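*Asks:*
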Amino acid sequence: MAAIPYDDRDGYIWMDGAFVPWRDTKVHVLTHALHYASAVFEGERAYGGKIFRSLDHSKRLHRSAGIMGFDIPFSVEEVEQAKKEALAKSGLESAYVRAIAWRGSEMMGVSAQNNTIHLAVAVWNWGDYFADKMKGIRLNHAPWKRPAPDTAPCEAKAAGLYMICTLSKHAAEKAGYQDALMLDYRGQVAEATGANIFFVRDGALHTPTPDCFLNGLTRQTTITLAKARQIEVIERAIFPSELSTFSECFITGSAAELTPVCEIGEHTYKPGAISEALVNDYSALCNGKLEMAL
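What follows is the structure, given as structure tokens:
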């Protein structure tokens, strides 16, 4: 069964302060964001009618816009309200929520100081990012590296930063894998194409220091969950030569949630007790069955 195109769906999208029929939420072909990637976004999940860590996502959206040199014309509180209304109007209890802000079409060129800043929120049904996640997914090695922090705004969740992620994920899928492991500009392990990564060795979690890629909210949540279980968490530089020394591996992200990895190229892993415990803890937390300060 073919997937339903995202521009041809029933429902409504919140756009610039009002709900617009889904098929009518258009932008012009000369929109600055389309040509120069001047857009920031958030990918969020709702569980049981409540968006997980919604306020943190809304604050990060504003921070990302600031890093990209523009101000969103709606406050954090107004973004929060827009997301709640969009979720309610969708009629969905569990859903994916996408908030995006971008520069409009008044000016076309590298400089676009006077362009209107737009904001939209869309909500749709989206199940597991990876099917049968406890089986573990297969990663290969990405052909692209995460850039140095003085060459790209790595602390922003900015659209342009995902270009090399798309290229790397497409290459992985063509080779029969589900995702790819990206290194950073120094040749150190960084992340998957849209998710952070964790490894297990001798009962401890090891994860790359997020100094040139996004310190994901799910990553932060996972660290909190691990520490609550008294699992040691070590944030450090991880080198490709170490991949064979780990027993478990999993990735984290709002879309991927916690998904175990069974293979990275020539290296194999078996989803084990730590991965399973954290997958279950994260699910319980998101679904209101576990309370924890984040």
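So for the sequence shown, my numbering puts the first residue at 6; every next one is plus one. Heads up, the beta-carbon is just placed ideally off N, CA and C, and yes, glycines get one too. From a predicted model like this one, the values you see are computed outputs, not experimental measurements.
Looking at residue 205: is its Cβ nearer than 8 Å to the Cβ of residue 269?
*Replies:* Not closer than 8 Å, so no.
*Asks:* Using the Cβ count rule (16 or more neighbours within 10 Å means buried), how would you classify residue 228?
*Replies:* Under the 10 Å beta carbon count, residue 228 is surrounded by 16 or more other beta carbons and is classified as buried.
*Asks:* Sort 44, 127 and 182 by Cα distance to residue 158 and report the nearest one.
*Replies:* 44
*Asks:* Just the C-alpha distance for residue 133 and residue 42, rounded to the nearest angstrom, thanks.
*Replies:* 28 Å
*Asks:* Alpha carbon to alpha carbon, how far is residue 6 from residue 260?
*Replies:* Caution applies to residue 6, whose pLDDT of 37 falls short of 50 and renders its modelled position unreliable; the value that the coordinates give is listed next. Straight-line Cα distance between these residues: approximately 22 Å.
*Asks:* Looking at C-alpha atoms only, which residue of 192, 121 and 131 is the closest neighbour of residue 8?
*Replies:* 131
*Asks:* With 16 other CB atoms within 10 Å as the buried threshold, where does residue 301 fall?
*Replies:* This structure cannot speak to residue 301, because the chain is shown only from 6 to 299.
*Asks:* Return the Cβ separation of residue 56 and residue 67 in integer angstroms, given the expectation that the two are a contact with Cβ distance under 8 Å.
*Replies:* So it is not a contact: roughly 16 Å between Cβ atoms.
*Asks:* With DSSP collapsed to three states, give me the class of residue 190.
*Replies:* coil
*Asks:* Excluding the 5 residues preceding and the 5 following residue 171 in the sequence, name in chain order all residues of the same chain whose CB lies nearer than 8 Å to its CB.
*Replies:* 198
*Asks:* Under DSSP, the beta strand (DSSP E) around residue 268 begins and ends at which residues?
*Replies:* For residue 268, the enclosing beta strand (DSSP E) has its first and last residue at 262 to 269.
*Asks:* Would you tell me roughly how many angstroms separate the C-alpha atoms of residue 184 and residue 223, rounded to the nearest one?
*Replies:* Looking at the two C-alpha atoms, the distance is approximately 18 Å.
*Asks:* From which residue to which residue does the beta strand (DSSP E) around residue 175 run?
*Replies:* It is not in any beta strand (DSSP E) - residue 175 instead sits in the alpha helix (DSSP H) that spans 168 to 179.
*Asks:* What's the gap between the Cα of residue 90 and the Cα of residue 30?
*Replies:* 17 Å
*Asks:* Would you report the Cα separation of residue 108 and residue 119, rounded to the nearest angstrom?
*Replies:* 9 Å
*Asks:* Residue range of the alpha helix (DSSP H) that residue 285 falls in?
*Replies:* 278 to 291
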